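Here the sequence shown is numbered in our numbering, starting from 2 and rising by one per residue.
Take a look at the structure set out below.
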Amino acid sequence: MTMMTPPPLDQQEDEEIVVPHQEFTAGPQPMEVISSEPAPENHQLEDPPTFKYRWSIENFSRSNTKKLYSDIFFVGGYKWRVLIFPKGNNVDHLSIYLDVADSATLPYGWNRYAQFALAVVNQIHGKYTIRKDTQHQFNGRESDWGFTSFMSLSELYDPSRGYLVNDSCVIEAEVTVRKVVDYWSYDSKKETGYVGLKNQGATCYMNSLLQTLYHIPYFRKAVYHMPTTENDMPSGSIPLALQSLFYKLQYSDNSVATKELTKSFGWDTYDSFMQHDVQELNRVLCEKLEDKMKGTVVEGTIQHLFEGHHMNYIECINVDYKSTRKESFYDLQLDVKGCRDVYASFDKYVEVERLDGDNKYQAENHGLQDAKKGVLFIDFPPVLQLQLKRFEYDFMRDTMVKINDRYEFPLQLDLDRDNGRYLSPDADRRVCNLYTLHSILVHSGGVHGGHYYAFIRPTLSDQWYKFDDERVTKEDAKRALEEQYGGEEELPQTNPGFNNTPFKFTKYSNAYMLVYIRESDKEKIMCNADEKDIAEHLRVRLKKEQEEKEHKKKEKAEAHLYTIIKVARNEDLTEQIGREIFFDLVDHDKVRSFRIQKQLPFNHFKEEVAIEFGIPVQFQRFWLWAKRQNHTYRPNRPLLPQEEAQSVGELREVSNKAHNAELKLFLEVELGPDLHPLPPPLKTKEDILLFFKLYDPEKKDLRFVGRLFVKALGKPIDILSKLIEMAEFSANEEIELYEEIKFESNVMCERIDKKISFKSSQLEDGDIICYQRALTSANRDEFQYPDVPSFLEYVRNRQVVHFRSLEKPKEEDFSLELSKLFAYDDVVERVARHLGLDDPTKIRLTSHNCYSQQPKPQPIKYRGVDHLSDMLVHYNQTSDILYYEILDIPLPELQGLKTLKVAFHHATKEEVAIHSIRLPKNSTVADVINDLKTKVELSRPDTELRLLEVFYHKIYKIFPPGEKIENINDQYWTLCAEEIPEEEKNLGPHDRLIHVYHFNRDPNQNQMQVQNFGEPFFLVIKEGETLANVKIRIQKKLQVPDDEFSKWKFAFISLGRPEYLQDSDVVSNRFQRRDIYGAWEQFLGLEHSDTAPKRAYTTNQNRHTFEKPVKIYN
């Protein structure tokens, strides 16, 4: 994956969201987009310098620092450090960047290129570590680069997730410094003979699959022979789009775009920016092609290439009964976890399962029987696709995880090994199932994001090629095979003083899908697929496309020799005003344009105009446009005869100080009563050219009605009859005149006094007068926008806003047309009216984050913004989305209150109830407790309660009754309330009040970390009391049945290290601290399995949960 400054949205080309760090105080927050520009890798022979750095941050959640820097470390002779924003860089995510540590002192023009990965380590389950990869060319402007939204703060701070242990967070950085290579000079076709595919946003997974399928010539040939017609459009026909793509891959000199193909799938831009699973796409695409091939000459190709069969069997051991079922497959899912290589996976695939005991098989006519159950293969396909199960669902953690274990795969795969142990008795033993490796699809990254590319042997020679989006490079076999096995590597110490011990690091790039071709079918599969296989109409179409492309390229190369002249006419104004535009006169991008050689005399250009518009040269008069200081764009003056004698290029330079390639003109043509052109009238300094728009308040319609020359000293009253005629009003109609002055940054439209001269009204050439029927004070109220200024104000500020319920932020609920000038009260009143709500103050609105496409973390305060436009702005971008929620009390009242969610733990019952306590902000903890007492069932009326702060299933604080609730943050910490036991109220001089926590340990983890769960509590320990007595009290308190409690183990745990206790051990001897505050690092641990049901987790889902399945719609 390659990072670069983002292009416009329609050009964005990759998948993960990455940006340079900026502290967004006033400026814009940049989009975080990965471009498809491939990494300049493998261009040097020597291995580039790499270093892996580990940073442990203590007291993480207690840090009040906005940003933190790591120590400096060296890679490639350069100084680096990691920069993080623990509470997010103005987002509700952890923000993390790689920073050039000495950027401020480096010489002007410095730059360096690095590939790097940043990770937040899961200290309980290493496989849940979140890691993201990127690369960047660092320079003076962009001295840091990384991820503004690395992981959600709710996930990071959640007690059950394992990213904070003992309030310590561990960050890892792996940095590889590479030589800066000029990417644009690299020519894949020239270097390798092959071209790549452009990435549309997040389509690297599709690109790697398409390259793999393309390089199976039999498949490519079949695609070429699918019937298509010259009337088909690639964007609407999958066969034609795939034919076109394959043809371009075969014959183009440059990388090929995939937009036509994805359009033929029925995908929109959103689909192209949503990364999917390559295995899922492979199945869906093959099924779609299989369907499209039915009834054609290539019917059955997919089955012939990829379909194999296996037999599921159940065979009874003690009676003569066997059940079999034949099934087909297009690919095989092989386990990676617990398997060292492909053969071990096949062994596991055909492993015999024994059905006995409680799991006996119900055999027909024989009842329950001991049996053997398994799978054997009847036949394998010519092209064997092996999908490696690198991603799997972890039921314990209720999430997807990536398996990065080492997993080997051979260049030659023998599936007849061990006398055909994988084959069923029905298999044809004459077929030799010896396969050679054709391609390896690789996933680089973690479960939360990554990048796909492919290693392919297009001719099955010894030469491998890496297809990484647009870039194709030659690779050696070691890099293509062994380096894609995955697993761990240990990096020796390279920077003394920074990391004193070597660390093992997981390789996050590993094989994800393997394609093998059977040796006996090799010649048939690797056949020739050339131009004669391609339909004539397709060849003609694609050659025409290529010619057009070359023509555009030539035009671009010759652009400096030409000028684009855009000619606006009365007809353009009539067509556009009131439909496409309302302000000024014309959209110049929608008028007739001419591409004229700069050296051509302008008079020759007039002859072209005469041919195009049918206006003889002598009847043409051209006006230059000018941009005024108030940002309007109007015809300024007619061309002089001496200017028309100049060349087009000279005229453009005179007219355009911006030196762009365009010349904009207005063509004035006078028409007689018979609508035939007349010579243009004489234009003196006293003549002013004015343009007129007519407004109808009843229809809310504005249109262009014509232009007139007036005398500077004349008065509007002199032309009223002409204006009435142009409007087709009755002769005695009263009209009102307004001058349209400007519309940026606000609308200015003022009434014109009909009795003073045009000159006195400061009217000049190109000015616009809008007029309408005069309204009386009585009938003005009949119209929503009664006059021109109010209508233009409406048009300038109208905004369609899409409202979504905050509970369903992805689903549009309703839309309202509002004004950007609406005050806060106006907006909520309209929303309440739409929802049928009587009290608008119960509506609370939240703005939209244009970058994360999510609601902003904080809602809009009551009357906290002046206008609707302020609600829609996000840094330098404007959204049209707002989120709403309906409150149970008015928002002004709610804002004066503090709402806390408190979990109440009943003294004698197992139940835990969550209560929302809503009190004035100046209330105290004692007020919270008193309010809670009215809502819960107490064991005794006079019992006392206390409020605890719980984090990661540990008690960190008992809140004093007098503490103000305004300072309590329950976003990341859990607030728990409980009754104070009587035994705690009368502590003896030698009694201890200790923390007691539940825990278990994951045997799959090397370091056997302690993982806390469940509800923590305090316990009084008497002087000299043994564990046996303590256990009795704990069992009674927790009401655990004997058979279950007998399995529990008890340990004294200090700083995460358990020391197991015997029944005879005196517990108080272990706990010497009297102060329970800050004593959470020492506790009595209750080790047992966590039988509580796993809660559904709704934080941001990673890409590999595939919330949106791959679909091909057409």
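In this text, a Cβ means the ideal position worked out from N, Cα and C, and glycines have one as well.
From a predicted model like this one, the values you see are computed outputs, not experimental measurements.
Leu-625 places its beta carbon less than 9 Å from that of Lys-665. Contact annotation: Thr-847 and Tyr-876 have beta-carbon atoms that are not nearer than 9 Å.
Around the beta-carbon of Thr-229, 16 or more other beta-carbon atoms lie within 10 Å, marking it buried. Within the same chain, Gly-141 come within 8 Å of Tyr-109 by CB-CB distance, once the 5 residues on both sides are set aside. For the 9 Å CB-CB criterion, Ile-956 and Phe-1019 form a contact. Looking at the DSSP output, Pro-1059 sits in a beta bridge with Ile-1054. Thr-564 and Ile-757 have their C-alpha atoms some 43 Å from each other. The continuous stretches of alpha helix (DSSP H) do not include Lys-665, which lies in the beta strand (DSSP E) extending over residues 663 to 669.
Tyr-129 carries a helical assignment under DSSP once its states are collapsed to helix, strand and coil. Using a Cβ distance threshold of 9 Å, Tyr-344 and Ala-512 do not count as a contacting pair. The beta carbon of Tyr-786 sits closer than 7 Å to those of Pro-698, Lys-701, Phe-792 and Tyr-795, all from its chain and outside the five residues before and after it, given in chain order.
In the displayed model, Val-1041 falls within coil according to three-state DSSP, outside both helix and strand. If you draw a straight line from the Cα of Gln-896 to the Cα of Arg-919, it comes to about 11 Å.
By the Cβ-count criterion, Ala-560 is exposed, with fewer than 16 other Cβ atoms from all chains shown falling within 10 Å of its own Cβ. The beta carbon of Asp-429 sits closer than 7 Å to the beta carbons of Asp-380 from its chain, once the five residues preceding and following it are set aside; these are given in chain order. Ala-569 has Phe-667 as its beta-bridge partners, per DSSP. Between Ser-96 and Thr-149, the C-beta gap is smaller than 9 Å, which places the two residues in contact. If you draw a 10 Å sphere on the C-beta of Gly-451, you find 16 or more other C-beta atoms in it, and that means buried.
Gly-309 places its beta carbon less than 9 Å from that of Phe-330. Spanning the alpha carbons of Tyr-79 and Val-101 requires a straight line of approximately 8 Å. Counting the other CB atoms within 10 Å of its CB gives Gly-487 a total of 16 or more, which places it among the buried residues. When only Cα atoms are considered, Asp-159 and Trp-974 end up about 8 Å apart.
Three or more Cβ pairs closer than 8 Å define a contact, and the segment 825 to 834 falls short of that threshold against the segment 739 to 757. When C-beta atoms of the segment 700 to 718 are compared with those of the segment 570 to 588, three or more pairs fall below 8 Å, so the two segments count as touching. Secondary structure remark: continuous alpha helix (DSSP H) runs of at least 4 residues inside the segment 875 to 952, in chain order: 892 to 896 and 926 to 934.
Two segments are said to touch when three or more pairs of C-beta atoms, one from each, lie closer than 8 Å; by this definition the segment 429 to 438 touches the segment 518 to 531. Less than 9 Å divides the Cβ of Val-178 from the Cβ of Thr-51.
Judged by DSSP in its simplified three-state form, Ser-256 adopts coil rather than helix or strand. A Cβ-Cβ distance of about 6 Å is found for the pair Lys-390 and Gln-334, placing them in contact under the 8 Å criterion.
Per DSSP, reduced to three states, the secondary structure at Asn-60 is coil, with no helix or strand assignment. Residue state for Ala-364 is assigned as strand, using DSSP reduced to three classes. Between Ile-887 and His-803, the C-beta spacing is not below 9 Å. The three-state secondary structure of Gly-358, taken from DSSP, is helix. Between the alpha carbons of Pro-682 and Leu-690 lies a distance of about 11 Å. Apart from the 5 residues on each side of it in sequence, Glu-393 sits with its Cβ closer than 8 Å to the Cβ of Lys-338, Met-401, Val-402 and Ile-404 in its chain, given in chain order. Contact between Asn-313 and Val-353 is ruled out by a C-beta separation of about 12 Å, above the 8 Å threshold.
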